[in-house]
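Q:
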Amino acid sequence: MNKLDVKKLNFKKLNGIVPAVVQDAETKTVLMLGFMNKEAISRTIESKKVTFWSRTKKRLWEKGEVSENTLKLISIFADCDNDTLLILAKPQGPTCHTEAYSCFGIEKQNGLEFLQQLYNLIVARKKELPKNSYTTSLFREGLAKILAKVEEESGEVLQAAKKETKKRLIEESSDLLYHLFVLLAQKNISLSDVIQELQRRKK
1 MNKLDVKKLN
11 FKKLNGIVPA
21 VVQDAETKTV
31 LMLGFMNKEA
41 ISRTIESKKV
51 TFWSRTKKRL
61 WEKGEVSENT
71 LKLISIFADC
81 DNDTLLILAK
91 PQGPTCHTEA
101 YSCFGIEKQN
111 GLEFLQQLYN
121 LIVARKKELP
131 KNSYTTSLFR
141 EGLAKILAKV
151 EEESGEVLQA
161 AKKETKKRLI
171 EESSDLLYHL
181 FVLLAQKNIS
191 LSDVIQELQR
201 RKK
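This note's numbering applies: residue 1 is where the sequence shown begins, and numbers increase by one.
(1) Let's see if you can read the secondary structure: which residues bound the beta strand (DSSP E) around Phe52?
(2) Among Val66, Tyr101, Gln186 and Thr95, whose alpha-carbon lies nearest the alpha-carbon of Glu141?
(3) How many Å lie between Phe52 and Val30 at the Cα?
(4) Ends of the alpha helix (DSSP H) at Gln186?
(5) So, Leu88 versus Ile106, is the Cβ gap smaller than 7 Å?
(6) When the Cα atoms are used, what is the spatial distance from Gln159 to Gln23?
(7) Which residues does DSSP pair with Gln23 in a beta bridge?
(8) Can you give me the C-alpha to C-alpha distance between Phe11 and Asn37, rounded to a whole angstrom?
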């Protein structure tokens, strides 16, 4: 987590508080807007649970103190004028009091999240081995079968890229990604492991 210099924040504009925009640390979706004073910021950093100053109740309130839909603090940043905060958090349930994911009516899922959900489903199939599941059949047949499918799908992606339509390339790429996810799950490698390696190479 980055170090926020609270002493540099300008609390004068709004009589002791600053607005705090909360963003999902994973999807980068804006979840809500709240307000913080120095004590709320301190409590948030110490507890790792996002806490605001309620302008109506005139007291500190931890997000989710009643609903238990808390916001787990990941990072907190000040803007260039030091009068607004950006909080990256991991929501533990719906953020809005209406039970919506975001107070701005934004739906949760994005493409990257779907890929994580697909990988999680594959991992669950590996553990549970439900009947009549193609994924289960791959895990039951073992590594050799999974490797053969990855090799097969790789070849089909190359073939589609050379001689077939864009639609076929998308379809074959989807097949390859799925079987690659099965291989990663078989070898106990998470998507986070792969992402971290890609991030390392970016530097």
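Note that beta-carbon positions come from the ideal geometry of N, C-alpha and C, so glycine has one too.
A: Let's see:
(1) Position 52 of the sequence shown holds residue 52. Thr51 to Ser54 is the span of the beta strand (DSSP E), which, as asked, contains Phe52.
(2) Taking the first residue of the sequence shown as position 1, residue 141 is located at position 141. With distances taken between CA atoms, Glu141 lies nearest to Gln186 out of Val66, Tyr101, Gln186 and Thr95.
(3) Here residue 52 refers to the residue found at position 52 of the sequence shown. Here residue 30 refers to the residue found at position 30 of the sequence shown. Each residue's Cα considered, the two are about 16 Å apart.
(4) Stepping through the sequence shown from its first residue, residue 186 is reached at position 186. Here the alpha helix (DSSP H) through Gln186 covers Lys166 to Gln186.
(5) Translated into the one-based positions of the sequence shown, residue 88 becomes position 88. Translated into the one-based positions of the sequence shown, residue 106 becomes position 106. Pairing Leu88 with Ile106 gives a Cβ-Cβ distance that is not under 7 Å.
(6) In the sequence shown, residue 159 corresponds to position 159, counting from 1. In the sequence shown, residue 23 corresponds to position 23, counting from 1. Rounded to whole angstroms, Gln159 to Gln23 spans 42 Å at the Cα level.
(7) As a working mapping, residue 23 is identified with position 23 in the sequence shown. Bridge partners of Gln23: Val30 and Leu88.
(8) In the sequence shown, counting from the first residue as 1, residue 11 sits at position 11. In the sequence shown, counting from the first residue as 1, residue 37 sits at position 37. Each residue's alpha carbon lies about 8 Å from the other.
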